[in-house]
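Okay, structure first, notes after.
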Amino acid sequence: DQQVKQNSPSLSVQEGRISILNCDYTNSMFDYFLWYKKYPAEGPTFLISISSIKDKNEDGRFTVFLNKSAKHLSLHIVPSQPGDSAVYFCAAGATQGGSEKLVFGKGTKLTVNP
Amino acid sequence: AAGVIQSPRHLIKEKRETATLKCYPIPRHDTVYWYQQGPGQDPQFLISFYEKMQSDKGSIPDRFSAQQFSDYHSELNMSSLELGDSALYFCASSLSGLNTEAFFGQGTRLTVV
Numbered sequence: 140d141q142q143v144k145q146n147s148p149s150l151s152v153q154e155g156r157i158s159i160l161n162c163d164y165t166n167s168m169f170d171y172f173l174w175y176k177k178y179p180a181e182g183p184t185f186l187i188s189i190s191s192i193k194d195k196n197e198d199g200r201f202t203v204f205l206n207k208s209a210k211h212l213s214l215h216i217v218p219s220q221p222g223d224s225a226v227y228f229c230a231a232g233a234t235q236g237g238s239e240k241l242v243f244g245k246g247t248k249l250t251v252n253p
Numbered sequence: 024a025a026g027v028i029q030s031p032r033h034l035i036k037e038k039r040e041t042a043t044l045k046c047y048p049i050p051r052h053d054t055v056y057w058y059q060q061g062p063g064q065d066p067q068f069l070i071s072f073y074e075k076m077q078s079d080k081g082s083i084p085d086r087f088s089a090q091q092f093s094d095y096h097s098e099l100n101m102s103s104l105e106l107g108d109s110a111l112y113f114c115a116s117s118l119s120g121l122n123t124e125a126f127f128g129q130g131t132r133l134t135v136v
């Protein structure tokens, strides 16, 4: 059972436009969420995170929005650049229950076209 | 800044052989995680260690074992390798305390032939 779902396996946008990557989760115990960016043959690189006590976190061109009632979060990249082309993984964790593992979605491959 | 170091970067083994993957966390990080990513798959959590003790266990086969040593580096031991074990194995480290991001190494690509 996929607890973290990224329903779009791929996304293509034009340079300068906004990229919106979506993520849904099912486990209501999750209370912090992270986005990782991954280039081929490299490990995931941390991008941005958000705690469930917030509904928005912004870092430069990257903004993550969290809708707890809908169990949905999204990553906005504005403006998109060709160097943003990568696979983006959404991950979730639960601070309660003693588990420190992150649960990942399957990833969305973003292609930013010049 | 120092990152998570994994060795080897690439490994080719035959079926039924054993393999050992090593992970050196970021200095002062006390928690290590192992993930397996098969072709076209999302990273699957295998096991984690905090202060040299196993803290969480995921979908790790019984043929695999892992430990964290006194210097906080970790090793993933894989025995009786199967073709299906071919994957990218990522190690991540973090500083204890939840709500902190985990930093990943570049991964070890294991190919079982």
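Which chain is which? The protein sequence lines are A and B, in order. Per our numbering, residue 140 is the first one in the first sequence, and the count goes up by one each step. Per our numbering, residue 24 is the first one in the second sequence, and the count goes up by one each step. Using N, Cα and C, we set each Cβ at its ideal position, and we do this for glycine too.
Range of the contiguous beta strand (DSSP E) that encloses residue i
{"i": "Thr43 of chain B", "result": "Ala42 to Tyr47"}
{"i": "Ile216 of chain A", "result": "His211 to Ile216"}
{"i": "Phe228 of chain A", "result": "Ala225 to Gly232"}
{"i": "Tyr38 of chain B", "result": "One detail in the question is off: residue 38 of chain B reads as Lys in this sequence, not Tyr. Element bounds for Lys38 of chain B: n/a, residue is neither H nor E."}
{"i": "Tyr73 of chain B", "result": "Gln67 to Tyr73"}
{"i": "Val27 of chain B", "result": "That residue, Val27 of chain B, is in no beta strand (DSSP E); it is neither H nor E in DSSP."}
{"i": "Leu133 of chain B", "result": "Thr131 to Val135"}
{"i": "Asp194 of chain A", "result": "Here Asp194 of chain A belongs to no beta strand (DSSP E), and DSSP marks it neither H nor E."}
{"i": "Gln220 of chain A", "result": "Careful: Gln220 of chain A lies outside any beta strand (DSSP E) and carries neither H nor E."}
{"i": "Glu98 of chain B", "result": "Ser97 to Met101"}
{"i": "Tyr178 of chain A", "result": "No beta strand (DSSP E) holds Tyr178 of chain A; DSSP gives it neither H nor E."}
{"i": "Lys248 of chain A", "result": "Thr247 to Asn252"}
{"i": "Met76 of chain B", "result": "Met76 to Lys80"}
{"i": "Ile159 of chain A", "result": "Ser158 to Tyr164"}
{"i": "Asn206 of chain A", "result": "Phe201 to Asn206"}
Residue environment, residue i, which counts as buried when at least 16 other CB atoms sit within 10 Å
{"i": "Ser103 of chain B", "result": "exposed"}
{"i": "Asp108 of chain B", "result": "buried"}
{"i": "Leu106 of chain B", "result": "exposed"}
{"i": "Gly232 of chain A", "result": "buried"}
{"i": "Ser208 of chain A", "result": "exposed"}
{"i": "Ala230 of chain A", "result": "buried"}
{"i": "Ser117 of chain B", "result": "buried"}
{"i": "Ser158 of chain A", "result": "buried"}
{"i": "Pro221 of chain A", "result": "exposed"}
{"i": "Gly155 of chain A", "result": "exposed"}
{"i": "Asp65 of chain B", "result": "buried"}
Proximity of residue i and residue j at Cβ, strictly below 8 Å
{"i": "Ser30 of chain B", "j": "Thr54 of chain B", "result": "no"}
{"i": "Leu160 of chain A", "j": "Ser213 of chain A", "result": "yes"}
{"i": "Gly128 of chain B", "j": "Gly182 of chain A", "result": "yes"}
{"i": "Pro50 of chain B", "j": "His96 of chain B", "result": "no"}
{"i": "Lys240 of chain A", "j": "Phe68 of chain B", "result": "yes"}
{"i": "Gly61 of chain B", "j": "Ala115 of chain B", "result": "no"}
{"i": "Phe172 of chain A", "j": "Ile192 of chain A", "result": "no"}
{"i": "Lys248 of chain A", "j": "Val217 of chain A", "result": "no"}
{"i": "Ala25 of chain B", "j": "Met101 of chain B", "result": "no"}
{"i": "Asn166 of chain A", "j": "Gln145 of chain A", "result": "no"}
{"i": "Ser93 of chain B", "j": "Lys75 of chain B", "result": "yes"}
{"i": "Glu98 of chain B", "j": "Lys38 of chain B", "result": "no"}
Chain-ordered chain A contacts of residue i [CB-CB under 7 Å]
{"i": "Tyr10 of chain B", "result": "Examination of residue 10 of chain B is not possible in this model, given that chain B is present from 24 through 136 alone."}
8 Å Cβ cut-off: residues of chain B touching residue i
{"i": "Lys245 of chain A", "result": "Gln64 and Asp65"}
Under 7 Å by beta carbon: chain E residues contacting residue i
{"i": "Phe185 of chain A", "result": "No chain E is present in this structure, whose protein chains are A and B."}
Listed by chain order, chain B residues near residue i by CB distance under 7 Å
{"i": "Glu181 of chain A", "result": "Gln129"}
{"i": "Leu173 of chain A", "result": "Glu124"}
Residue i Cβ short of 7 Å to the ligand NAP heavy atom set
{"i": "Arg86 of chain B", "result": "The ligand NAP is not among the ligands present in this structure, which contains no ligands whatsoever."}
Against chain B: residues of the region 211 to 231 of chain A by CB proximity under 9 Å: Cβ contacts with chain B come from Phe228 and Ala230.
Interface residues of the region 79 to 103 of chain B facing chain A [CB-CB below 8 Å]: Asp79 and Gly81
Chain A contacts from the region 26 to 46 of chain B (Cβ-Cβ distance under 7 Å): none
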